[in-house]
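Visitor:
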Amino acid sequence: MAEFKKDSSSIYYEALNRHIYGKPGNSESKSVSEAIHLTEAEKDRIRKHRTIRLGIDPEFVPFEYRDAQGKYQGISSDYVKIINDRTGLNMQAVDNLSWKKVIERIKNKEIDVLPCVGETEERKEYLNFSKPYAHYQRVIIMLSDAPFIAGIKDIQGKKVGVQAGSSHEGFLKEQTAITPITYPTLQEGLMALSGGQIEAFVANIASASYWIRKLNLTNLKVAAQASFEIFSLRFAVRKDFPELVSIINKGLNSISPEEEQEIQRRWVTVEYKTGVDPNIIWKYVLYVSSGLLLVLSFILFWNYRLKKEISIREKAELELEKHAYELEKANERLKELDHLKNMFIASVSHELRTPLNSIIGFTGIILKGMTGELNPKQKDQLSRVYSCANHLLGLITDVIDISKIEAGRIDVYPKQFRVIEIIQEAITSVQPQVQAKSLTIESDVPEDIIVNTDRKRFQQCILNYLSNAVKYSEKGTIKIVARDLGEQVEVRVSDTGIGISQADIQRLFEPFERIDSHLRVKAGGTGLGLYLTRKIAQELLKGDISVESELNKGSVFGITIRKDAEVKNETGIWSLKIMKTIWN
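Just so you know, the sequence shown maps onto residues 0 to 583 in numbering that gives the first Met the number 0.
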């Protein structure tokens, strides 16, 4: 039987021995039959081939590596010691081999077992795998000043590095369109990234973080998860040693949770836990909705304030050169905060929408009586929950969409169509509100005006203008006019509503600005509608907007765009999906 050797970690091994044998410092192993139950075939396999050659990655910290004295260390080394002791195997690491050499030798059957590897389709051709015993997260490392990315799709087309022979190489080749540049060691890959030879590097977060600190690579950061799965590490055995997999699995099964915790405490210093009780969502739905609304409003306001302050600081930098260094540092900090804000919005959008969609869906089912009849009071209360949840879902979508426009991460999709088509559709959309008031709608749109631009976004702007005209007019006529201006087309929406003062027009297209001081109608909204219209027209459709208004007489809102939009899509960039219209 193999014995634990006394070393600088003898106290730790005494703790493991207490879990294994019930007493400290036991250097004599129990017999195979007493430790775990092995079949006669498995016992015979151990008697004939007790010594097993291990191939390890000398730099796979903290899972397996060689220390300064060349000793095999790491999480896997502790599991190997326990399995050796309980099964009678003598698994020993082969000395002085790089990971690339280890892979070559196990393919040639010069090594018997890899104690710490991920399972890939390529490796399954020549290896059998044990049950998993350790786990890691796959991440993307980039330069600190690299633009924000959401995941693996955003680095397609870039120079991406990976350690040769690692499961990350198999992941990139089998599950993505990326052709990676391989490096013999993790350190060499990170050094190449730091030196600008590549643009991204895929690795596990534990090992990458260790070497970034060890090598003092201060210009690198963990940019995003390469995938959302938690990946497992296993023992991998030559195909011609099938009994050995069963023996190792029995050894792993004999390790108690307490022993696993001892190993984790030795090698892993931080533990992250996540989890949400779904019952809390239903119990506190109204409180959560209010809290989310406050948080999202603050995020957008924070973004607006940050951009405004950056502009102020840049002007001050030109005027006061003696403060150039301090202002530069402040600007870098503000940009970092803005980057963190964008990362926060991207990561929480799914978590924010999913519970709200559940609330809306289940509340709708209950309101339809599909779960039983409701009394009037119940129906009224559920209707309020349903309305609030829909309003909040719309606001979440609006906040995320505006954030993406401001970040410049967006695609547009040009399409050829007649302008009269989208105007007729917009008129149809507001017809119920028009019929509820003393209003009429007239249109003067030539049928031969054809444009090549993003149909959905152009219609979004027109529908927003038209909806506002209906909302702020109680009687009279709303008129829509389209004109062909040669290389451009102009659409104007005029109304006979309450109008806007000249002082208020200056701030009409700013976020969270609703001109309420003179309104005689009760209108809801977020103050984002015209702000979003301006963003779409100017930044996406490469056009412009206009407004003319006189208080108590009416307003004319216009949008001018190129008939043949010069817009380009960027592969791997988020696409803006305007899921609903935002009204002022």
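All C-beta atoms, glycine included, are put in the ideal place defined by N, C-alpha and C.
Keep in mind it's a predicted model, so treat the numbers as computed, not measured.
Is the segment 85 to 92 touching the segment 43 to 63 in the sense that three or more CB pairs, one from each, lie closer than 8 Å?
Guide: Yes, since at least three Cβ pairs between the segment 43 to 63 and the segment 85 to 92 fall closer than 8 Å, the two stretches touch.
Visitor: At the level of alpha carbons, what is the spacing between residue 295 and residue 304?
Guide: C-alpha separation (whole angstroms): 14 Å.
Visitor: Given residue 351, which residues of its chain have a CB within under 7 Å of its CB, disregarding the five upstream and five downstream residues?
Guide: The residues are 291, 395.
Visitor: My assumption, with CB atoms under 8 Å, is that residue 214 sits in contact with residue 186. Please give the rounded CB distance.
Guide: Between residue 186 and residue 214 the Cβ distance is about 6 Å, and since that is below 8 Å, they are a contact.
Visitor: What do you get for residue 36, buried or exposed, if any count of 16 or more other CB atoms within 10 angstroms of its CB means buried?
Guide: Label assigned to residue 36: exposed.
Visitor: Assuming contact is defined by CB atoms lying nearer than 8 Å, are residue 225 and residue 137 in contact in what I supplied?
Guide: Their beta carbons are under 8 Å apart, which means residue 225 touches residue 137 by this criterion.
Visitor: Would you say the segment 51 to 66 touches the segment 102 to 115, given that touching needs at least three Cβ pairs under 8 Å?
Guide: Taking 8 Å as the limit for Cβ pairs, the verdict is that the segment 102 to 115 does touch the segment 51 to 66.
Visitor: Please determine if the segment 234 to 244 and the segment 60 to 68 are in contact, where contact requires at least 3 C-beta pairs separated by less than 8 Å.
Guide: These segments do not touch.
Visitor: Note down, in chain order, each residue of its chain lying with its Cβ closer than 7 Å to the Cβ of residue 428, except the 5 sequence neighbours on either side.
Guide: Counting only Cβ-Cβ distances below 7 Å, and skipping sequence neighbours, we find 462.
Visitor: Quick one: grab the DSSP three-state call for residue 369.
Guide: Three-state DSSP puts residue 369 in coil, outside helix and strand.
Visitor: Can you give me the C-alpha to C-alpha distance between residue 545 and residue 556, rounded to a whole angstrom?
Guide: C-alpha separation (whole angstroms): 6 Å.
Visitor: When we look at the beta-carbon of residue 247 and count the other beta-carbons within 10 Å, is it buried (16 or more) or exposed?
Guide: Flag for residue 247 reads buried.
Visitor: Count the other CB atoms, across all protein chains shown, that sit within 10 Å of the CB of residue 82; report buried if there are 16 or more and exposed otherwise.
Guide: Residue 82 is buried by the Cβ-count criterion.
Visitor: Could you say if the segment 243 to 257 and the segment 94 to 103 meet the contact criterion of at least three C-beta pairs nearer than 8 Å?
Guide: Counting Cβ pairs under 8 Å, fewer than three are found: no touch.
Visitor: Compute the distance between the beta-carbons of residue 179 and residue 160, then report whether it is under 8 Å.
Guide: Taking 8 Å as the Cβ cut-off, residue 179 and residue 160 qualify as a contacting pair.
Visitor: Hey, could you find the ends of the beta strand (DSSP E) residue 200 is sitting in?
Guide: Element bounds for residue 200: 199 to 203.
Visitor: How about residue 479 and residue 450: do their beta carbons lie closer than 8 Å?
Guide: Contact flag unset, no.
Visitor: Please confirm if the segment 456 to 475 is in contact with the segment 432 to 441, defined as three or more CB-CB distances below 8 Å between the two stretches.
Guide: The segment 456 to 475 vs the segment 432 to 441: in contact.
Visitor: Between residue 563 and the rest of its own chain, which residues show a CB-CB distance below 7 Å, the 5 nearest in sequence each way excluded?
Guide: Counting only Cβ-Cβ distances below 7 Å, and skipping sequence neighbours, we find 451.
Visitor: At 4 residues or longer, what runs of the alpha helix (DSSP H) sit wholly inside the segment 180 to 243?
Guide: Runs found: 185 to 193, 204 to 213.
Visitor: Opposite residue 89 in the DSSP bridges: which residues?
Guide: In the DSSP output, where bridge partners are listed per residue, residue 89 has 50.
Visitor: In terms of alpha-carbon separation, which member of 41, 203, 382, 174 lies closest to residue 244?
Guide: Selected option, being the one with the closest Cα: 41.
Visitor: Give me whichever residues DSSP pairs with residue 382 in a beta bridge.
Guide: Note: residue 382 sits in no beta bridge, so no partner.
Visitor: Where does residue 564 fall in DSSP's three states?
Guide: Here residue 564 sits in coil by DSSP.
Visitor: Taking only three categories from DSSP, how would you classify residue 127?
Guide: Residue 127 falls in the strand class under three-state DSSP.
Visitor: Thinking C-alpha only, which one of 386, 212, 203 is nearest residue 193?
Guide: Nearest of 386, 212, 203 to residue 193, Cα basis: 212.
Visitor: When DSSP builds the beta bridges, which residues end up paired with residue 133?
Guide: Paired residue(s): 232.
Visitor: If residue 469 and residue 433 are in contact, beta carbons under 8 Å, what's the gap, nearest whole angstrom?
Guide: So it is a contact: roughly 6 Å between Cβ atoms.
Visitor: Give me the Cα-Cα distance between residue 168 and residue 162, rounded to the nearest whole angstrom.
Guide: Rounded to the nearest angstrom, the two C-alpha atoms are 7 Å apart.
Visitor: For residue 431, which of helix, strand or coil comes out of DSSP?
Guide: Residue state, collapsed to three classes: helix.
Visitor: In the DSSP assignment, find the beta strand (DSSP E) that holds residue 63 and state where it starts and stops.
Guide: Where residue 63 is concerned, the enclosing beta strand (DSSP E) stretches over 63 to 65.
Visitor: Can you tell me whether DSSP reads residue 315 as helix, strand or coil?
Guide: The answer is helix: DSSP assigns residue 315 an H, G or I state.
Visitor: Here's the rule: buried if 16 or more other CB atoms are within 10 angstroms of the residue's CB, otherwise exposed. What is residue 46?
Guide: Exposed, because fewer than 16 other Cβ atoms sit within 10 Å of the Cβ of residue 46.
Visitor: Can you give me the Cβ contacts of residue 266 inside the same chain, cut-off strictly under 7 Å, excluding the 5 residues immediately before and after it?
Guide: Result list for residue 266: 61, 73, 74, in chain order.
Visitor: Under three-state DSSP, which class holds residue 307?
Guide: Three-state DSSP puts residue 307 in a helix.
Visitor: Please classify residue 169: does DSSP put it in a helix, a strand, or coil?
Guide: Residue 169: helix per DSSP, three-state reduction.
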